[in-house]
Amino acid sequence: MSEIRTFPDFLKRSSIVLGVSVLFIIIIFGALIYTIPAVSNFKDVLLELIGINSLFFKIAVFPGYTWAALIATEIIWFERKFIAKMQLRVGPLYAGMVGGILQPIADVIKLVFKEMISPSKSDKLIFYSVPLLSSAIGASLLAVLPVSDGWLIMRSDVSMLIVFAVIGFVPISVLLAGWASNSKFPFIGALRGLHQMIAFEISMLIAALSVVILSGSLDLVNIVQAQSRIWFIVLMPIGAIVFFITLLAELERIPFDLPHAESEIVMGHQTEYSSMAFGSIQLGTYIRFYALSGIFTTLFLGGWYGPQFLPAGFEIINQIEWFTLKTLLVMVFIIILRGVNPRFRLDLLLKFGWSRLLILAFLNLFIAIFILQMGWFPFTGGI
Amino acid sequence: MSELTVTVGPQHPGSGHFALIVKLDGDKIVEVIPDPGYVHRGDEKVSENKNYIQNIPHFERPAILDASNMLFPYVHAVEDLMKLEVPVRGQYIRVIMAELNRIISHLYYFAIYGIFVGHSTMFMWPVADREHFIDLAQMISGQRVGFAFLLPGGVRNDIPEAVKERANEACNYFEKRLIEYERIFMNNPIFEKRAKGMGILSKEDAIKLGVVGPTLRASGIKSDIRKDEPYAVYDKLDFEIPVSKDGDSWARAWIHIEEMRQSMSIIKQALKDIPSGPVKLNLRGQVRPPPGETFTRAESSRGAVSFYLISNGGMTPYRLRMITPSFRNLRAISHITKGLLLADLPPAFWSLDYWPVEADR
Amino acid sequence: MNYVFKLFSAIISGIKHLFMRRLTFRYPNQKLKFHGDGYQYDPKEGVGISGYRGRHILYLEKCTGCSLCFMMCKGISQAIQMIDLPNIQVPVNKKSSFPQIDYAKCVYCGFCVDACPFKALFETNEYEMVSYDRESLLFTPEQLAIKPKYKGTYEIKYGKRGAYHG
Amino acid sequence: MSETPKIKHEPPKREKKIADNITVKLRKDILEIEIKPKRIKVKVKPESIKKAANFFKNKLNIDHVASVSGIDYPNDNEIEIVYHTGTYKHKDLSDLVIALAFRISRETPKTPSLTEIWPSTEFDERETYEMLGVIFEGHPKLEKLFLPEDWDDIPPLRKDFKNPRR
Chain B
4 MSEIRTFPDF LKRSSIVLGV SVLFIIIIFG ALIYTIPAVS NFKDVLLELI
54 GINSLFFKIA VFPGYTWAAL IATEIIWFER KFIAKMQLRV GPLYAGMVGG
104 ILQPIADVIK LVFKEMISPS KSDKLIFYSV PLLSSAIGAS LLAVLPVSDG
154 WLIMRSDVSM LIVFAVIGFV PISVLLAGWA SNSKFPFIGA LRGLHQMIAF
204 EISMLIAALS VVILSGSLDL VNIVQAQSRI WFIVLMPIGA IVFFITLLAE
254 LERIPFDLPH AESEIVMGHQ TEYSSMAFGS IQLGTYIRFY ALSGIFTTLF
304 LGGWYGPQFL PAGFEIINQI EWFTLKTLLV MVFIIILRGV NPRFRLDLLL
354 KFGWSRLLIL AFLNLFIAIF ILQMGWFPFT GGI
Chain S
392 MSELTVTVGP QHPGSGHFAL IVKLDGDKIV EVIPDPGYVH RGDEKVSENK
442 NYIQNIPHFE RPAILDASNM LFPYVHAVED LMKLEVPVRG QYIRVIMAEL
492 NRIISHLYYF AIYGIFVGHS TMFMWPVADR EHFIDLAQMI SGQRVGFAFL
542 LPGGVRNDIP EAVKERANEA CNYFEKRLIE YERIFMNNPI FEKRAKGMGI
592 LSKEDAIKLG VVGPTLRASG IKSDIRKDEP YAVYDKLDFE IPVSKDGDSW
642 ARAWIHIEEM RQSMSIIKQA LKDIPSGPVK LNLRGQVRPP PGETFTRAES
692 SRGAVSFYLI SNGGMTPYRL RMITPSFRNL RAISHITKGL LLADLPPAFW
742 SLDYWPVEAD R
Chain D
2 MNYVFKLFSA IISGIKHLFM RRLTFRYPNQ KLKFHGDGYQ YDPKEGVGIS
52 GYRGRHILYL EKCTGCSLCF MMCKGISQAI QMIDLPNIQV PVNKKSSFPQ
102 IDYAKCVYCG FCVDACPFKA LFETNEYEMV SYDRESLLFT PEQLAIKPKY
152 KGTYEIKYGK RGAYHG
Chain X
2 MSETPKIKHE PPKREKKIAD NITVKLRKDI LEIEIKPKRI KVKVKPESIK
52 KAANFFKNKL NIDHVASVSG IDYPNDNEIE IVYHTGTYKH KDLSDLVIAL
102 AFRISRETPK TPSLTEIWPS TEFDERETYE MLGVIFEGHP KLEKLFLPED
152 WDDIPPLRKD FKNPRR
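Residue numbers (my numbering), protein chains in the order written: chain B, 4 to 386; chain S, 392 to 752; chain D, 2 to 167; chain X, 2 to 167.
Here it is as structure tokens:
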């Protein structure tokens, strides 16, 4: 009898490796923070670098990458659990105490320890740069996401333009993935993705443009402030619907998941990716999912505004809470749509995108201009 | 423009155990040539080496989801040659098993349909709801999939008493579920867009190609062996045959939904009307028909399945021809997919409920 | 507008299922309840007694070694082999020939039970016979003679919030 | 059918009428005609098969073929081909299956293809071709359907084909 290498054994070994490395990092950081205070000057520098008010903290922890990655991984768990409930099954169950809540982390561990395979004739440089690009696109959207009044990574006069500039990179990353894989299914998937995103991006821009017209600013913070009395979804429901549908297409979610339709083209542009390369593409997709839901909240659902239920002095936390809650609700709704809908077909989708959504988007633009010209919306340019 | 040839299957997520050689003009299908035979096991030849009882588990295998319906014409053929009169209770139990099988098979159809159009919920629900009927079939026959339940002269065993109540409960529950199926899948606008007007098989073509079952009825021909040539006790039961005039993929799926409703009604009636008495003739020893030949038919969940049995009085059949519905519906695949887009190929050919193992035999 | 209404009703249907009970059967923790002690056959009447068709049970003291089950299985799955076990002395079985069943081949059709005229071979409720190699699936007559202890208590129940295993 | 074969002693009237109709029109070509409830088997001369098929299609409203079966009779040195036909258009005859049978020589099994008359015979004739080696002249695509492309043994459904594994 040969030795059978069972899975738990393998898992044990890999978790030991991971645990040791995490412990190592903690020790080093702890040492940095607590053993050097003798040099008081250095401590101040360090606090400025990793303190709660520093830019580094904002970018790296909250509301930046760590927070988004946490939400992304847990939304994967939530999606699986939620869809499972809708489909009368249990979903992840055994990892973690409550309903398999640690399943995404187990998945990440599994992906990290898998072999990275690339097709023999692929363009290695591009092939491996796509996962990075995918994560980077998601992460850079977070930079301008206004989670609250006084707590955001950066404020820019043209933050809306930044958002769309970054989203414009998504089709490129998809095409690069398909091209570099040098394989049939990824390439077809990439072309499909390209078609779809270009068809929907214009409608998306025009729907967002009407928001800009009403609020009179390209600054996302100003846009939110313009909604302090009334949300834009009430004023422009058509625009909100158009933006939401284009959002789905941009995120490649059902019913617009053509770029990686399993029964047709296996996994689309992600077919040839394995291990953490696949993992980081997925992570990037889910961070983008969070970020774009956040953009939808910002543009149409009044961003951080909501009734104050925490005592005075905690306004920022209250705002963050409302923003997160609204964003999560948008995400849940997108997940519900995944549960109840089949997939579109490419020609139907293009027809829908170019002939219906574009018209609706323009209609919405006219409505916005009309509202503005009649003087019914007094909050233009923020408060 | 040059033609592109793509082979879909047998290792493609959107095909079964068979290949489709697709000739494409851009994204448009010019011609589809089905290439079956990957799961051919020579059932007709193999059956000549087995006696009439040993053939029973073997003849279920081509359509294991539809086991009882596949055996129906076979046991009829043997009984016809041996001139046997099957007890009425046995006939009722046969009908119950056949209708349970029809529901199980139709639910599987919806599960795969859901996968092919990317509807994950429509994959999970039918698989979950099949459990009720598989459980009932297991209570009756003692097996969950390959029942081997019908025998020449009756059925293997009597049904336990508990089945009656459970079956009624399951049918009542599932009738409510079917409404949800219609809401989430059949009437979903995206599915309607993808299925309505797709893969049309006109009435004339359906007759010309000699297709059977739901495919035929979706094209507007009211033909069902259960009504045309009532076997077992189908003439004593009250049920309808759903017919649609559209002949498209959606109509074929709709026929499946309605047939499940009718099957449940049949099960309920049969359990109510079932008389007491023996379930099987005691044949005492080997089943051995006298020389002769017979051609018997039954309506399986995919259509008419026929057996042409020629006996020379020996222990084994002299020649046994098995005509399965999928083999007859195979003729329609190249017909309905002409002019569609490649993305529509898997949902379009699956709407025929094509089952490669059954077609290859 | 009709489309919107239909889409909306689909979404409502999906949300409704969030409040229904899950049907999933958690197998290793829960086990299905079968009625009866497995499939049996009454050779006098020629009719079976309904029950689950799982692993066989062989009553060594009744088996005559007639090999009818072997003859039947030869044309179905060739799972049964007759083997001689001289250490088991049964008065009706002079040659000490007993069936041995290979569960890697068995299709659980139960025709061997129908073929046995002495009520020596029945089927039981046990179905858990997983192993790493094929040799462990080869059940010798002594192994077949052991009465399995299968205990399952779960079955499908129909409640207000849908069906569940309870 | 199996239900009540004992009661019906004489051939049923409707089938008798159809059979008489066939006999009158195809008197010269028919060798034998068998009548059973809901089943008629017409045996014709091999050279007049096309004529009979045309008559079936045009006069009897037979619109499809359920199956094409080939039966090998090595003792008579003949192969029998049976076309089981039926009708969908004619509601009264929907339970009737009319079999059109003829025998051809085993050494040179050649017969005209009926795909022009009934397009539904295409795959069945291909199957009969590969399984029994019957050549259907005029068939649009007489190639292997189920068997492997490199099959070089005799057609498997012939009686003298022996399974090499047994």
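Glycine included, every Cβ here is placed at the ideal spot set by N, Cα and C.
- Residue pairing for residue 548/S: DSSP places it in a beta bridge opposite 49/D.
- With a 10 Å radius around the Cβ and a threshold of 16 neighbouring Cβ atoms, residue 66/X comes out buried.
- When the beta-carbon positions are compared, residue 135/X and residue 110/X come within less than 7 angstroms of each other.
- Residue 658/S carries a helical assignment under DSSP once its states are collapsed to helix, strand and coil.
- For the 7 angstroms CB-CB criterion, residue 734/S and residue 318/B do not form a contact.
- With respect to the C-alpha of residue 380/B, the residue from 148/B, 367/B, 233/B having the closest C-alpha is 233/B.
- Residues of chain S whose Cβ lies closer than 8 angstroms to the Cβ of residue 112/D are, in chain order, 444, 445, 447, 448, 539.
- Secondary structure of residue 413/S (DSSP, three-state): strand.
- According to the DSSP assignment, residue 727/S belongs to the alpha helix (DSSP H) that extends over 716-727.
- Taking C-beta atoms as the reference points, residue 520/S and residue 574/S fail to come closer than 7 angstroms.
- Between residue 271/B and residue 192/B, the C-beta spacing is below 7 angstroms.
- Going by DSSP, residue 58/D is part of the beta strand (DSSP E) stretching over 57-59.
- In the DSSP assignment, residue 683/S falls within the beta strand (DSSP E) that extends over 683-691.
- In this chain, the beta strand (DSSP E) harbouring residue 112/X covers 111-113.
- Residue 93/D is outside the set of residues whose beta carbon lies under 7 angstroms from a beta carbon in chain S.
- The Cβ of residue 177/B sits no closer than 7 angstroms to any Cβ of chain S.
- Taken through DSSP and simplified to helix, strand or coil, residue 160/D comes out as strand.
- Around the beta carbon of residue 106/X, fewer than 16 other beta carbons sit within 10 angstroms, so the residue counts as exposed.
- Annotation: Cβ neighbours of residue 264/B in chain S (cutoff 7 angstroms, chain order): 509.
- Residue environment: residue 668/S is assigned as exposed (fewer than 16 neighbouring CB atoms within 10 Å of its CB, all protein chains considered).
- Here residue 372/B is exposed, its C-beta having fewer than 16 other C-beta atoms within 10 Å.
- The C-beta separation of residue 590/S from residue 728/S comes to about 6 angstroms, placing the pair in contact by the 8 angstroms criterion.
- Contact between the segment 424-441 of chain S and the segment 152-159 of chain X is established, with three or more Cβ pairs separated by less than 8 angstroms.
- With contacts defined as CB atoms closer than 7 angstroms, residue 194/B and residue 294/B fail to qualify as a contacting pair.
- Annotation for residue 67/X: the continuous beta strand (DSSP E) segment containing it runs 65-74.
- For the options 401/S, 463/S, 554/S, 429/S, the alpha carbon positioned closest to that of residue 36/D is the one of 554/S.
- The C-beta distance from residue 23/D to residue 93/B rounds to 6 angstroms, short enough to meet the 8 angstroms contact threshold.
- Going by beta carbons, residue 221/B and residue 215/B fall inside the 7 angstroms limit.
- Excluding residues up to 5 positions away in sequence, 268, 269, 274 lie with their Cβ nearer than 6 angstroms to the Cβ of residue 188/B in the same chain.
- When DSSP states are grouped into helix, strand and coil, residue 83/D belongs to the strand group.
- Residue burial is scored here from C-beta neighbours: residue 129/X has at least 16 other C-beta atoms within 10 angstroms and is therefore classed as buried.
- Per DSSP, residue 103/D is one residue of the beta strand (DSSP E) stretching across 98-103.
- Excluding residues up to 5 positions away in sequence, 647, 650, 651, 692 lie with their Cβ nearer than 7 angstroms to the Cβ of residue 497/S in the same chain.
- Annotation: residue 401/S has no Cβ neighbours in chain X at a cutoff of 9 angstroms; minimum Cβ distance is about 14 angstroms.
- Sequence-distant Cβ neighbours of residue 74/B in its own chain, meaning closer than 7 angstroms and more than five residues away, are 293.
- For the pair residue 528/S and residue 518/S, the CB atoms are not nearer than the 7 angstroms cut-off.
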